[in-house]
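Colleague:
Here it is as structure tokens:
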């Protein structure tokens with residue numbers, strides 16, 4: 002069921018979004034060549050433990066698309082992994098493409114956001130192009146998140162950016178409703194038909210999350226951990242995500258980060 006938030010409830014969601022955004026900014030600065038993925042997970046664990054009212058949305062999460070309960074505080078996907086990456090004992094190397102996906106509840110409300118970046122000096126231009134495409138698709142989707150538009154307008158805008166860059170789009174996983182739970186209705190595909198679907202209304206809060214892979218739209222679940230989703234052909238993936246609220250005055254990016262071009266939509 003799709004739930005609409007009151008203006009007061011949207012205000013109450015802002016601390017969670019700000020907290021998630023601030024941690025992702027911190028992690029971007031601290032994640033370098035030589036950083037171990039378990040160190041990143043522990044930073045998030047400590048930040049959550051130190052914040053009154055904060056709870057991980059991932060620890061013990063056991064949806065039907067995973068194998069058993071998730072046992073970490075952040076999803077970290079490296080190179081050909083694009084979603085649901087389980088942190089493990091791996092030390093980052095020069096040129097690794099890192100995607101960090103973080104969802105935290107603060108005082109009962111969830112913020113969910115993701116960023117991708119390359120560590121080190123050996124930055125493959127094709128990796129940077131892929132990341133840029135997801136960021137542009139995210140901005141395009143958010144721009145369509147206004148009352149009176151349809152859910153398909155958001156999906157279509159994302160898909161158009163992917164098509165311009167020449168990337169195929171997987172429709173198995175996409176954006177979703179956000180509120181007291183991390184994953185709710187509606188599902189927000191990363192491609193679709195403009196002017197179709199659910200009519201957007203003030204109070205709708207959703208995560209918009211374009212994720213693309215370079216040369217395929219097919220994924221498989223890594224059976225070593227039962228969670229990590231990888232490209233079938235080994236090509237790299239990237240992922241960008243924000244939690245946004247639709248209001249009469251336009252979209253508000255609840256998970257906006259300092260330095261993010263979309264931070265102007267935070268208020």
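Numbering (our numbering), first residue to last: 2 to 268.
From the three backbone atoms N, C-alpha and C, an ideal C-beta is built for every residue, glycine too.
Since we're looking at a predicted model, the values are computed, not measured.
1. Using the three-state DSSP reduction, which class does residue 26 fall into: helix, strand or coil?
2. I'd like to confirm the pairing. Which residues does DSSP put opposite residue 263 in its beta bridges?
3. What separation, rounded to the nearest whole angstrom, lies between the Cα atoms of residue 104 and residue 114?
4. I need the straight-line Cα distance from residue 85 to residue 148, nearest angstrom please.
5. So, helix, strand or coil for residue 176, using DSSP?
6. By the DSSP assignment, the beta strand (DSSP E) with residue 189 in it spans what residues?
7. Do you know whose CA, among 259, 52, 82, 34, lies nearest residue 220's CA?
8. Buried or exposed for residue 71, going by 16 or more other Cβ atoms inside 10 Å?
9. Should the stretch 190 to 201 be regarded as contacting the stretch 149 to 156, the criterion being three or more beta carbon pairs within less than 8 Å?
10. Between the Cα of residue 93 and the Cα atoms of 74, 133, 51, 32, which residue gives the shortest distance?
11. Please classify residue 64 as buried or exposed, where buried requires at least 16 neighbouring CB atoms within 10 angstroms.
12. Check whether the Cβ atoms of residue 15 and residue 204 lie closer than 9 Å to each other.
Modeller: Taking the geometry as given:
1. Indexing the chain shown from 1 puts residue 26 at position 25. Residue 26 falls in the helix class under three-state DSSP.
2. The residue you call residue 263 lines up with position 262 of the chain shown. In the DSSP secondary-structure assignment, residue 263 is not bridged to any residue.
3. Numbered from its first residue, the chain shown carries residue 104 at position 103. Numbered from its first residue, the chain shown carries residue 114 at position 113. Per the coordinates, the alpha-carbon of residue 104 lies some 7 Å from the alpha-carbon of residue 114.
4. Taking the first residue of the chain shown as position 1, residue 85 is located at position 84. Taking the first residue of the chain shown as position 1, residue 148 is located at position 147. Approximately 31 Å between the Cα atoms of the pair.
5. Reading the chain shown from its first residue, position 175 is the one you call residue 176. DSSP places residue 176 in strand when its eight states are reduced to three.
6. Counted from its first residue, the chain shown places residue 189 at position 188. Where residue 189 is concerned, the enclosing beta strand (DSSP E) stretches over 185 to 189.
7. For the purposes of this step, residue 220 is identified with residue 219 of the chain shown, where counting begins at 1. Of the residues 259, 52, 82, 34, the one whose Cα lies closest to the Cα of residue 220 is 82.
8. For this step, residue 71 is matched to residue 70 along the chain shown. Taking every protein chain shown into account, the CB of residue 71 has 16 or more other CB atoms within 10 angstroms, so this residue is buried.
9. Because the criterion of three Cβ pairs below 8 Å is met, the stretch 190 to 201 and the stretch 149 to 156 touch.
10. Mapped onto the chain shown, residue 93 falls at position 92. Minimum Cα distance to residue 93 is reached at 32.
11. Locating residue 64 in the chain shown gives position 63, where the first residue counts as 1. Exposed, since its Cβ has fewer than 16 Cβ neighbours within 10 Å.
12. As a first step, residue 15 must be located in the chain shown, where it is residue number 14. As a first step, residue 204 must be located in the chain shown, where it is residue number 203. The answer is no: Cβ separation not under 9 Å.
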